[in-house]
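A short write-up of the structure that comes next.
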Amino acid sequence: QVDRWSKHIQETGDSIHMPGSVLTADEAMVRFTGRSLETTTIPQKPTPTGYKVWVLGQSGYFVRWLWHVHGRGPCGLVPQQCSRQGDEELAEEYLTPTQRVVTTLLTLLPLAVYHVFLDNLFASIKLFKALRSSQVGATGTCRKDSGVDELLVAEKDREGKGIPWGQMHWIPTKDGKVNQFSWKDNALVLFLITAFREGNQVIRSRRWPAGSSAANRVAREVFGSEVRKDLRVPSGIDEYNHHTNGVDTGDQLRSYNQYSWPIGRRGWQSIAWNFLLKVIFVNSFLLQIWGEPEWKVSESQYQ
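All residue numbers for the sequence shown refer to my numbering, where the first residue is 16 and numbers rise by one.
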(Lines of atoms letter the chains of each structure in order from A and count residues from 1; the text may use other names and numbers.)
(Lines give C-alpha, C1' and ligand atoms only; values in the text may rest on other atoms or scores of the structure.)
Protein backbone atom coordinates (compact mmCIF):
# COMPACT_ATOMS: atom_id res chain seq x y z
CA GLN A 1 0.00 0.00 0.00
CA VAL A 2 2.82 2.41 0.86
CA ASP A 3 4.52 1.74 -2.48
CA ARG A 4 1.25 2.29 -4.36
CA TRP A 5 0.75 5.59 -2.54
CA SER A 6 4.31 6.60 -3.38
CA LYS A 7 3.77 5.97 -7.10
CA HIS A 8 0.43 7.82 -7.00
CA ILE A 9 2.03 10.90 -5.41
CA GLN A 10 4.76 11.04 -8.06
CA GLU A 11 2.32 10.57 -10.93
CA THR A 12 -0.06 13.19 -9.51
CA GLY A 13 2.83 15.62 -9.17
CA ASP A 14 3.48 15.33 -12.90
CA SER A 15 -0.07 16.47 -13.63
CA ILE A 16 0.27 19.72 -11.67
CA HIS A 17 3.95 20.62 -11.96
CA MET A 18 6.44 20.32 -14.81
CA PRO A 19 9.97 20.21 -13.37
CA GLY A 20 12.49 22.60 -14.84
CA SER A 21 15.75 21.54 -16.40
CA VAL A 22 17.90 21.99 -13.27
CA LEU A 23 17.77 19.03 -10.87
CA THR A 24 19.70 17.60 -7.92
CA ALA A 25 20.20 13.95 -6.98
CA ASP A 26 20.98 13.16 -3.36
CA GLU A 27 20.09 11.07 -0.33
CA ALA A 28 17.17 11.95 1.95
CA MET A 29 16.46 10.54 5.40
CA VAL A 30 13.16 9.42 6.96
CA ARG A 31 13.13 9.62 10.76
CA PHE A 32 12.84 6.29 12.57
CA THR A 33 14.15 5.80 16.12
CA GLY A 34 13.44 2.11 16.67
CA ARG A 35 15.61 -0.92 16.17
CA SER A 36 15.73 -1.98 12.56
CA LEU A 37 18.23 -3.54 10.21
CA GLU A 38 17.07 -1.07 7.56
CA THR A 39 18.08 2.15 9.32
CA THR A 40 21.10 4.22 8.31
CA THR A 41 22.95 7.11 9.97
CA ILE A 42 24.24 10.09 7.97
CA PRO A 43 25.41 12.66 10.57
CA GLN A 44 25.36 15.72 8.29
CA LYS A 45 21.69 15.34 7.34
CA PRO A 46 18.86 17.36 9.04
CA THR A 47 17.42 13.97 10.09
CA PRO A 48 20.59 11.96 10.78
CA THR A 49 19.13 8.51 11.57
CA GLY A 50 16.37 6.59 9.82
CA TYR A 51 15.48 5.08 6.47
CA LYS A 52 17.40 6.27 3.42
CA VAL A 53 15.64 7.34 0.23
CA TRP A 54 17.27 8.34 -3.06
CA VAL A 55 15.69 11.56 -4.33
CA LEU A 56 15.71 13.70 -7.46
CA GLY A 57 14.74 17.19 -6.35
CA GLN A 58 14.53 20.80 -7.38
CA SER A 59 14.84 23.65 -4.86
CA GLY A 60 13.26 21.49 -2.15
CA TYR A 61 10.54 19.98 -4.37
CA PHE A 62 10.84 16.18 -4.53
CA VAL A 63 10.25 15.07 -8.12
CA ARG A 64 11.17 11.37 -8.02
CA TRP A 65 12.51 8.93 -5.44
CA LEU A 66 13.68 5.33 -5.00
CA TRP A 67 13.68 3.25 -1.82
CA HIS A 68 16.92 1.99 -0.30
CA VAL A 69 17.22 -1.39 1.43
CA HIS A 70 20.11 -1.53 3.88
CA GLY A 71 22.58 -4.20 2.84
CA ARG A 72 20.99 -4.61 -0.60
CA GLY A 73 21.16 -1.09 -1.97
CA PRO A 74 18.75 0.96 -4.10
CA CYS A 75 15.50 -0.65 -5.28
CA GLY A 76 14.06 -0.54 -8.79
CA LEU A 77 17.27 0.25 -10.69
CA VAL A 78 17.22 0.04 -14.47
CA PRO A 79 19.21 -3.12 -15.32
CA GLN A 80 22.41 -2.83 -17.32
CA GLN A 81 24.23 -5.36 -19.44
CA CYS A 82 26.84 -7.23 -17.44
CA SER A 83 30.37 -7.10 -18.78
CA ARG A 84 31.99 -10.40 -19.68
CA GLN A 85 35.61 -11.22 -19.04
CA GLY A 86 37.72 -9.54 -21.70
CA ASP A 87 34.92 -7.24 -22.86
CA GLU A 88 36.68 -3.94 -22.19
CA GLU A 89 34.04 -1.79 -23.89
CA LEU A 90 31.23 -2.98 -21.60
CA ALA A 91 33.49 -2.79 -18.55
CA GLU A 92 34.26 0.84 -19.42
CA GLU A 93 30.54 1.67 -19.39
CA TYR A 94 29.62 -0.30 -16.24
CA LEU A 95 28.11 1.85 -13.47
CA THR A 96 27.93 1.08 -9.76
CA PRO A 97 24.46 0.77 -8.13
CA THR A 98 24.87 4.20 -6.53
CA GLN A 99 25.65 5.78 -9.91
CA ARG A 100 22.72 3.95 -11.50
CA VAL A 101 20.42 5.68 -9.01
CA VAL A 102 20.96 8.88 -11.01
CA THR A 103 20.32 7.32 -14.42
CA THR A 104 17.26 5.45 -13.13
CA LEU A 105 15.67 8.52 -11.54
CA LEU A 106 16.17 10.49 -14.76
CA THR A 107 14.47 7.78 -16.85
CA LEU A 108 11.34 8.24 -14.72
CA LEU A 109 10.97 11.88 -15.84
CA PRO A 110 9.11 13.21 -18.89
CA LEU A 111 11.35 13.42 -21.96
CA ALA A 112 13.15 16.79 -21.88
CA VAL A 113 16.59 18.40 -21.57
CA TYR A 114 17.97 18.22 -18.02
CA HIS A 115 21.04 19.36 -16.10
CA VAL A 116 21.71 17.41 -12.91
CA PHE A 117 23.96 18.54 -10.05
CA LEU A 118 25.72 15.82 -8.04
CA ASP A 119 28.03 15.60 -5.06
CA ASN A 120 31.06 13.34 -4.88
CA LEU A 121 28.97 10.36 -3.73
CA PHE A 122 27.78 9.92 -7.33
CA ALA A 123 30.14 11.80 -9.64
CA SER A 124 32.52 9.81 -11.83
CA ILE A 125 33.87 9.95 -15.37
CA LYS A 126 31.81 6.88 -16.34
CA LEU A 127 28.56 8.35 -15.02
CA PHE A 128 29.10 11.73 -16.67
CA LYS A 129 29.79 10.07 -20.02
CA ALA A 130 26.63 7.97 -19.64
CA LEU A 131 24.57 11.07 -18.83
CA ARG A 132 26.01 12.96 -21.78
CA SER A 133 25.12 10.08 -24.12
CA SER A 134 21.54 10.47 -22.82
CA GLN A 135 21.59 14.23 -23.56
CA VAL A 136 21.72 15.10 -19.85
CA GLY A 137 24.16 17.75 -18.63
CA ALA A 138 25.99 17.12 -15.37
CA THR A 139 28.04 19.12 -12.88
CA GLY A 140 29.56 17.96 -9.61
CA THR A 141 32.43 17.57 -7.21
CA CYS A 142 34.34 14.31 -7.41
CA ARG A 143 36.67 12.11 -5.40
CA LYS A 144 40.19 11.07 -6.31
CA ASP A 145 39.00 7.57 -7.25
CA SER A 146 36.31 8.82 -9.66
CA GLY A 147 38.46 8.27 -12.75
CA VAL A 148 39.72 11.85 -12.80
CA ASP A 149 43.10 12.57 -14.42
CA GLU A 150 46.20 11.58 -12.42
CA LEU A 151 47.64 15.11 -12.58
CA LEU A 152 44.59 16.45 -10.77
CA VAL A 153 44.75 13.61 -8.26
CA ALA A 154 48.36 14.55 -7.52
CA GLU A 155 47.32 18.17 -6.90
CA LYS A 156 44.66 16.96 -4.47
CA ASP A 157 47.17 14.70 -2.70
CA ARG A 158 49.35 17.76 -2.09
CA GLU A 159 46.24 19.57 -0.80
CA GLY A 160 46.83 22.34 -3.31
CA LYS A 161 50.07 23.49 -1.69
CA GLY A 162 51.82 26.13 -3.76
CA ILE A 163 48.69 26.85 -5.82
CA PRO A 164 47.34 30.42 -5.45
CA TRP A 165 43.68 31.11 -4.71
CA GLY A 166 41.42 31.02 -7.76
CA GLN A 167 43.76 29.06 -10.03
CA MET A 168 42.09 26.50 -12.30
CA HIS A 169 43.60 23.52 -14.08
CA TRP A 170 41.43 22.08 -16.85
CA ILE A 171 42.03 18.67 -18.43
CA PRO A 172 39.36 17.28 -20.79
CA THR A 173 39.01 13.51 -21.09
CA LYS A 174 40.69 11.93 -24.13
CA ASP A 175 37.38 11.64 -25.98
CA GLY A 176 36.49 15.25 -25.11
CA LYS A 177 33.17 14.31 -23.49
CA VAL A 178 33.89 15.44 -19.91
CA ASN A 179 35.79 18.45 -18.59
CA GLN A 180 37.70 17.68 -15.41
CA PHE A 181 39.38 20.44 -13.45
CA SER A 182 40.73 21.57 -10.11
CA TRP A 183 40.01 24.94 -8.54
CA LYS A 184 41.76 26.42 -5.54
CA ASP A 185 39.29 27.93 -3.09
CA ASN A 186 39.95 27.70 0.65
CA ALA A 187 40.86 24.12 -0.27
CA LEU A 188 41.55 22.46 -3.61
CA VAL A 189 38.32 21.12 -5.17
CA LEU A 190 38.02 18.53 -7.96
CA PHE A 191 35.14 18.99 -10.41
CA LEU A 192 33.57 17.21 -13.37
CA ILE A 193 31.47 19.14 -15.88
CA THR A 194 29.75 18.50 -19.21
CA ALA A 195 27.62 21.65 -19.38
CA PHE A 196 30.12 24.54 -19.09
CA ARG A 197 33.10 25.60 -21.18
CA GLU A 198 36.60 26.16 -19.88
CA GLY A 199 37.09 29.76 -18.80
CA ASN A 200 33.41 30.58 -18.15
CA GLN A 201 33.43 32.72 -15.01
CA VAL A 202 31.19 35.01 -12.98
CA ILE A 203 32.02 37.67 -10.38
CA ARG A 204 30.78 37.01 -6.86
CA SER A 205 31.21 38.84 -3.58
CA ARG A 206 33.26 36.55 -1.33
CA ARG A 207 33.79 36.84 2.40
CA TRP A 208 37.21 36.94 4.07
CA PRO A 209 37.82 33.35 5.28
CA ALA A 210 38.02 32.96 9.04
CA GLY A 211 39.99 30.29 10.85
CA SER A 212 43.65 29.62 11.48
CA SER A 213 44.27 26.74 9.08
CA ALA A 214 47.05 26.99 6.51
CA ALA A 215 44.52 26.86 3.67
CA ASN A 216 42.58 29.81 5.08
CA ARG A 217 45.75 31.83 5.57
CA VAL A 218 46.66 31.32 1.91
CA ALA A 219 43.12 32.21 0.78
CA ARG A 220 43.19 35.44 2.81
CA GLU A 221 46.11 36.78 0.78
CA VAL A 222 43.84 37.65 -2.14
CA PHE A 223 41.59 39.73 0.15
CA GLY A 224 44.31 41.99 1.54
CA SER A 225 42.67 44.26 4.12
CA GLU A 226 39.14 43.86 2.70
CA VAL A 227 36.45 41.89 4.56
CA ARG A 228 34.51 41.24 1.34
CA LYS A 229 35.79 41.31 -2.20
CA ASP A 230 34.41 40.72 -5.69
CA LEU A 231 36.27 37.73 -7.11
CA ARG A 232 36.01 35.57 -10.21
CA VAL A 233 34.46 32.13 -9.72
CA PRO A 234 34.06 29.41 -12.39
CA SER A 235 30.47 29.42 -13.69
CA GLY A 236 30.09 25.70 -13.08
CA ILE A 237 31.08 26.01 -9.43
CA ASP A 238 28.84 29.03 -8.94
CA GLU A 239 25.86 27.14 -10.38
CA TYR A 240 26.75 24.11 -8.28
CA ASN A 241 26.75 26.22 -5.10
CA HIS A 242 23.28 27.52 -5.94
CA HIS A 243 21.63 24.24 -6.98
CA THR A 244 23.33 21.35 -5.17
CA ASN A 245 21.05 21.70 -2.10
CA GLY A 246 17.88 20.91 -4.05
CA VAL A 247 17.20 17.77 -1.98
CA ASP A 248 18.61 18.99 1.36
CA THR A 249 16.22 21.97 1.26
CA GLY A 250 13.25 19.60 1.12
CA ASP A 251 14.78 17.48 3.89
CA GLN A 252 15.15 20.60 6.02
CA LEU A 253 11.54 21.68 5.46
CA ARG A 254 10.28 18.23 6.43
CA SER A 255 12.38 18.24 9.60
CA TYR A 256 10.68 21.44 10.87
CA ASN A 257 7.39 19.66 11.55
CA GLN A 258 8.35 16.16 12.73
CA TYR A 259 6.61 14.18 15.45
CA SER A 260 8.03 15.11 18.85
CA TRP A 261 7.68 11.55 20.19
CA PRO A 262 9.88 8.57 19.27
CA ILE A 263 8.96 6.52 16.21
CA GLY A 264 10.18 3.08 17.19
CA ARG A 265 7.62 0.62 15.81
CA ARG A 266 5.96 -0.11 12.49
CA GLY A 267 8.46 1.26 10.02
CA TRP A 268 5.82 1.50 7.29
CA GLN A 269 4.10 4.23 9.31
CA SER A 270 7.32 6.22 9.36
CA ILE A 271 7.56 5.94 5.56
CA ALA A 272 3.88 6.80 5.07
CA TRP A 273 3.50 9.69 7.49
CA ASN A 274 7.04 10.98 8.02
CA PHE A 275 8.03 10.86 4.36
CA LEU A 276 5.18 10.58 1.88
CA LEU A 277 2.73 12.81 3.76
CA LYS A 278 5.46 15.36 4.51
CA VAL A 279 6.51 15.34 0.84
CA ILE A 280 2.92 16.25 -0.06
CA PHE A 281 2.95 19.10 2.48
CA VAL A 282 6.32 20.49 1.39
CA ASN A 283 5.68 20.13 -2.36
CA SER A 284 2.27 21.80 -2.02
CA PHE A 285 3.77 24.61 0.05
CA LEU A 286 6.51 25.25 -2.51
CA LEU A 287 4.06 25.20 -5.43
CA GLN A 288 1.98 27.86 -3.68
CA ILE A 289 5.07 30.00 -3.10
CA TRP A 290 6.21 29.63 -6.71
CA GLY A 291 2.69 30.38 -7.94
CA GLU A 292 2.97 33.97 -6.62
CA PRO A 293 0.10 33.84 -4.09
CA GLU A 294 -1.71 37.00 -3.07
CA TRP A 295 -1.39 36.25 0.64
CA LYS A 296 1.67 37.51 2.49
CA VAL A 297 4.27 34.83 3.14
CA SER A 298 5.87 34.73 6.59
CA GLU A 299 9.00 32.87 7.62
CA SER A 300 7.06 30.70 10.08
CA GLN A 301 4.21 29.92 7.70
CA TYR A 302 5.22 26.34 7.02
CA GLN A 303 5.76 25.54 10.70
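Glycine included, each C-beta is placed from N, C-alpha and C at the ideal position.
Residue i: first and last residue of the uninterrupted beta strand (DSSP E) it sits in
i    : result
R147 : Premise fails: R147 lies in the alpha helix (DSSP H), 140 to 148, not in any beta strand (DSSP E).
F196 : 194 to 199
A43  : 37 to 46
F206 : 203 to 208
V151 : 151 to 156
R79  : 76 to 84
V131 : 129 to 133
Rounded Cβ spacing between residue i and residue j (contact assumed at less than 8 Å)
i    : j    : result
K189 : K171 : 20 Å between Cβ atoms; not a contact.
T48  : D266 : The pair is not a contact, with the Cβ atoms about 17 Å apart (cut-off 8 Å).
H32  : F132 : No, H32 and F132 are not in contact; Cβ-Cβ is about 19 Å, not under 8 Å.
V68  : A43  : 5 Å
R46  : S285 : 7 Å
A127 : F143 : Contact doesn't hold; Cβ gap of about 19 Å is too wide.
V93  : T54  : Incorrect: roughly 26 Å between the Cβ atoms, too far for contact.
S161 : A138 : 6 Å
A40  : L124 : With a Cβ gap of about 12 Å, A40 and L124 do not count as contacting.
S220 : R243 : 5 Å
First through last residue of the alpha helix (DSSP H) which encompasses residue i
i    : result
D266 : 261 to 270
P112 : 112 to 122
V93  : Counting along the chain, V93 falls outside any alpha helix (DSSP H), and DSSP gives it neither H nor E.
H184 : No alpha helix (DSSP H) contains H184, which is instead part of the beta strand (DSSP E) from 183 to 187.
H32  : Note, H32: premise wrong, no alpha helix (DSSP H); not H, not E.
F300 : 292 to 305
L71  : Premise fails: L71 lies in the beta strand (DSSP E), 64 to 73, not in any alpha helix (DSSP H).
V168 : 165 to 172
Exposure label - residue i; buried when at least 16 CB within 10 Å
i    : result
T111 : exposed
F296 : exposed
Y66  : buried
Y271 : exposed
S74  : buried
R222 : exposed
W80  : buried
T56  : exposed
I208 : buried
I218 : exposed
Q182 : exposed
H14  : With the chain running from 16 to 318 in the structure shown, residue 14 is simply not present.
P249 : buried
A225 : exposed
L205 : buried
G261 : buried
D245 : exposed
G155 : buried
W305 : exposed
C90  : exposed
E197 : The sequence shown places Ser at residue 197, rather than the Glu named in the question. Buried: at least 16 other Cβ atoms inside 10 Å.
L166 : exposed
Near the ligand HEM: residue i beta-carbon under 6 Å from a heavy atom
i   : result
T56 : In terms of ligand content, the structure shown is empty, and the ligand HEM therefore cannot be addressed.
Kindly confirm or deny that the region 115 to 126 and the region 163 to 178 touch, where touching means at least three C-beta pairs closer than 8 Å. no
Inter-stretch contact at 8 Å, needing at least 3 Cβ pairs: the region 255 to 269 / the region 17 to 27: no
Write down every uninterrupted run of the alpha helix (DSSP H) in the region 218 to 254 whose length is 4 residues or greater and which is fully enclosed by it, in chain order. 229 to 235
Under 8 Å, with one C-beta from each stretch per pair, do the region 125 to 140 and the region 244 to 262 reach the 3-pair mark? yes
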